[in-house]
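There are 2 protein chains.
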Amino acid sequence: MSSLPEIKDHQQSEEKKNEVNDANHNNAVISSYWGITRPKVRREDGTEWPWNCFMPWDSYRADVSIDVTKHHTPKSLTDKVAFRSVKFLRVLSDLYFKERYGCHAMMLETIAAVPGMVGGMLLHLKSLRKFQHSGGWIKALLEEAENERMHLMTMVELVKPSWHERLLIFTAQGVFFNAFFVFYLLSPKAAHRFVGYLEEEAVISYTQHLDAIESGKVENVPAPAIAIDYWRLPKDATLKDVVTVIRADEAHHRDVNHFASDIHHQGKELKEAPAPIGYH
Amino acid sequence: MSSLPEIKDHQQSEEKKNEVNDANHNNAVISSYWGITRPKVRREDGTEWPWNCFMPWDSYRADVSIDVTKHHTPKSLTDKVAFRSVKFLRVLSDLYFKERYGCHAMMLETIAAVPGMVGGMLLHLKSLRKFQHSGGWIKALLEEAENERMHLMTMVELVKPSWHERLLIFTAQGVFFNAFFVFYLLSPKAAHRFVGYLEEEAVISYTQHLDAIESGKVENVPAPAIAIDYWRLPKDATLKDVVTVIRADEAHHRDVNHFASDIHHQGKELKEAPAPIGYH
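From first to last, the protein sequence lines stand for chains A and B. Per UniProt numbering, the first sequence starts with residue 1, numbered consecutively. Per UniProt numbering, the second sequence starts with residue 1, numbered consecutively.
Below is the structure:
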């Protein structure tokens, strides 16, 4: 589960500068002007690292021994409102997507990557304003956002969005980003609970997705190359493996967000309980 | 310059759960309910890691062989506007702070940590909306923001802010965050250039700070413990060492932001040129 870094050589040798020059003349000119050289990054087996959007040290093996049925019983009023809101959104999205699992997953990941970024940013600004440590929560929430974005980068290899889906996402993001921003400012307690419930639904959706793969309704295609590198999957991994690790990620986000809401419910601030960093 | 991870054991053993329970009863109850255990993190010498706001694998040795005089000559109109704006802000801040170097540094870090977060967040949202890879720029800009926040966490150990300074920061952040958000949406090219010039000024300020330490005007006190762990400084490091590594960080941010603006000046998008990740 821990992520180990690979070869990460930041030494700026002339040899490397020349290699970069050959590879991409224009960028190299600017970048060598500013003294910025791109380190050569390799996999553990020595082959060249093909991704720029994530590095070998961001990759990990997901802990898939999760409890898929875990549920936080709504107790307080904020819990109940959060739970009902998520259930209402669930009905809407089921009506829209029906059994188009891949499409459903892809669209939801564009939304799921928003809360972590908003929460992380607001905690960052608070930490600056108040000269306070964050207890690691800024990083934990930003990690969540990056992880959700990686789900999207994987899903988009499997499902090509149509123009009307793109339009829907554009609108949904504009609304959701602003709404969640205000929501988190008003009540981080309710906001984290809301995300916890959203992730419970994500776990349910991916379980249905897995059932559909197992029953043959959805073809168990080979895993995209990006997924194999990100989750350190075997070379012959399939869609089923990918959905299994993504579901595990969502279960971990569920636990982290319910945990965060519980801290607030105890009248404490997040920074008082160390954040679960690198919790996959 | 590369950061190596320490022991990072995510195995959830009963033994560890009990340790956490003993250490902090309340948090442990919630966190073990959600299956979240805090891994024991240690330094390379085996002593316990005392920080939650950053982990050993975030620490690094700064490359202090920087060119402190490097300057991007304003060419385009956006360059000139960005340069003039920064010079105007410089005059204001010099009038306010005069020779109170520590206070100046602390206040500026609360502002300097904003652009990376705003840029990173906007690129994250764009990546989601457009189903596009980021070329690593989201991470690079978020890393910049986290690094600037660590500067603040260091400075605040050395200078205690007064209530009117706190009030000023509160106001300045509200204005600057919103202004930079709109600025980056309208022209990332100008926004990165602006940050590049801001960092040029930061390098000048820290050079003056160093001169004041060398001439004895500012006392060369021992480095705060957090700085020693973050920059992997020797145990007997002093303020001078801290200011030297912070200045190097600012010089690197200067180069990265001018580089980013140059990419935009070439009519390209950032994702077309791989981001300098872990560039310290």
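Cβ atoms here follow ideal geometry from the backbone N, Cα and C, with glycine treated the same way.
Closer than 7 Å by C-beta to residue i: which residues in its own chain qualify, once you throw out the five before and the five after it? Chain order, please.
i	result
Asp-229 of chain A	Trp-51 and Ser-59
Ala-140 of chain B	Val-256, Ala-275, Pro-276 and Ile-277
Met-153 of chain B	Cys-53 and Ile-226
Ala-273 of chain B	Gly-135 and Ile-263
Tyr-279 of chain A	His-252 and Val-256
Asn-178 of chain A	none
Sort the options by Cα distance to residue i and report the nearest one.
i	options	result
Asp-79 of chain A	A:His-253, A:Ala-275, A:Lys-189 and A:His-280	A:Lys-189
Ala-62 of chain B	B:Glu-269, B:Ala-248 and B:His-253	B:Ala-248
Asp-262 of chain A	A:Pro-39, A:Ala-145 and A:Arg-193	A:Arg-193
Lys-40 of chain A	A:Tyr-33, A:Glu-48 and A:Trp-34	A:Glu-48
Tyr-96 of chain B	B:His-151, B:Glu-165 and B:His-72	B:Glu-165
Lys-64 of chain A	A:Val-203, A:Asp-211 and A:Ile-213	Lys is not the amino acid found at residue 64 of chain A; the sequence shown has Val there. Checking every option, the nearest Cα to that of Val-64 of chain A belongs to A:Val-203.
Ala-145 of chain B	B:Lys-160, B:Pro-161, B:Thr-154 and B:Ala-112	B:Ala-112
Ser-127 of chain B	A:Thr-69, A:Phe-88, A:Lys-130 and A:Gln-173	A:Gln-173
Val-68 of chain B	A:Val-68, A:Gly-35, A:Phe-176 and A:Leu-92	A:Gly-35
Lys-160 of chain B	A:Gln-132, A:Leu-239, A:Thr-73 and A:Ala-212	A:Gln-132
Met-155 of chain B	B:Phe-183, B:Leu-239, B:Leu-142 and B:Gly-267	B:Leu-239
Trp-163 of chain B	A:Lys-130, A:Asn-147, A:Ala-212 and A:Trp-163	A:Lys-130
Leu-125 of chain B	B:Ser-32, B:Phe-181 and B:Gly-216	B:Phe-181
residue 281 of chain B	B:Phe-176, B:Ser-32, B:Thr-73 and B:Asn-178	This structure gives no information on residue 281 of chain B, because the portion of chain B shown stretches from 1 to 280.
Spatial neighbours of residue i within its chain, please: C-beta separation below 6 Å, excluding the five flanking residues on both sides.
i	result
Leu-198 of chain A	Val-86
Ala-237 of chain A	Ala-223 and Ile-228
Asp-22 of chain B	With a pLDDT of only 37 at Asp-22 of chain B, under the threshold of 50, the placement of this residue in the model should not be trusted; the figure read from the coordinates follows. Once the five neighbours on either side are set aside, Asp-22 of chain B has no close Cβ partner at all.
Asn-24 of chain B	Because the pLDDT of Asn-24 of chain B is 44, which lies under 50, any placement of that residue in the model is unreliable, and the number read from its coordinates should be weighed accordingly. Hits under 6 Å: none found.
Arg-254 of chain A	Gly-196, Glu-199 and Glu-200
His-151 of chain A	Glu-109 and Ile-246
Leu-158 of chain A	Gly-102
Val-243 of chain B	Tyr-206, His-209 and Leu-210
Asn-18 of chain B	Residue confidence for Asn-18 of chain B is low, a pLDDT of 37 falling below 50, so the modelled location carries little weight; the figure read from the coordinates is stated next. Counting only Cβ-Cβ distances below 6 Å, and skipping sequence neighbours, we find nothing.
Arg-149 of chain B	Ala-113
Ile-66 of chain B	Ala-248 and Ala-251
Ser-93 of chain B	none
Ala-191 of chain A	Phe-183 and Tyr-184
Identify, in the order they occur along the chain, each residue of the same chain with its Cβ nearer than 8 Å to the Cβ of residue i, setting aside the five sequence neighbours on each side.
i	result
His-265 of chain B	Ser-76 and Lys-189
Leu-270 of chain A	Leu-123, Ser-134, Gly-135, Trp-137, Pro-188, Ala-260, Ile-263 and His-264
Gln-208 of chain A	Tyr-101
Lys-235 of chain B	Ile-228
Leu-233 of chain A	Ala-223, Ala-227, Asp-241, Val-242 and Val-245
His-71 of chain B	Glu-200
Val-218 of chain A	Tyr-101, Gly-102, His-209, Ala-212 and Leu-239
Leu-185 of chain B	Leu-122
Give the range of the alpha helix (DSSP H) segment to which residue i is assigned.
i	result
Cys-103 of chain A	101-130
Thr-244 of chain A	239-265
Lys-70 of chain A	Looking at the DSSP string, Lys-70 of chain A is not in any alpha helix (DSSP H), and its letter there is neither H nor E.
Trp-163 of chain B	163-186
Ile-36 of chain B	Here Ile-36 of chain B belongs to no alpha helix (DSSP H), and DSSP marks it neither H nor E.
Asp-79 of chain B	77-97
Arg-232 of chain A	Segment: none, Arg-232 of chain A is in no alpha helix (DSSP H) and carries neither H nor E.
Met-150 of chain A	137-158
Quick test of the definition: if touching needs 3 or more C-beta pairs under 8 Å, does the segment 100-119 of chain B touch the segment 221-236 of chain B? no
| Residues from the segment 148-181 of chain B in contact with chain A, defined by Cβ distance under 7 Å | Arg-149, Leu-152, Met-153, Val-156, Pro-161, Ile-169, Phe-170, Gln-173 and Phe-177
- Quick one: which residues of the segment 227-261 of chain B get their C-beta closer than 8 Å to a C-beta of chain A? List them in chain order. Asp-255, Val-256, His-258 and Phe-259
Given 8 Å, three or more beta-carbon pairs between the segment 101-112 of chain B and the segment 157-173 of chain B | yes
Item to check | Interfacial residues, the segment 76-107 of chain A to chain B, with Cβ spacing under 7 Å | outcome: none
- Message: Taking beta-carbon pairs under 7 Å, can you tell me which members of the segment 119-134 of chain B lie near chain A?
- Response: Met-121, His-124, Leu-125, Ser-127, Leu-128, Arg-129, Phe-131, His-133 and Ser-134
Between the segment 51-68 of chain B and chain A, which residues of the former have CB atoms less than 7 Å from a CB of the latter, in chain order? Asn-52, Cys-53 and Met-55
Interfacial residues, the segment 268-280 of chain A to chain B, with Cβ spacing under 9 Å:
Lys-268, Lys-271, Glu-272, Ala-273, Pro-274, Ala-275, Pro-276, Ile-277, Gly-278, Tyr-279 and His-280
- request: Taking only beta carbons into account, state which residues of the segment 32-49 of chain A come closer than 7 Å to chain B, listed in chain order.
  value: Trp-34, Gly-35, Ile-36 and Arg-38
Q) In the segment 197-224 of chain A, which residues sit with their C-beta less than 7 Å from some C-beta in chain B, listed in chain order? A) none
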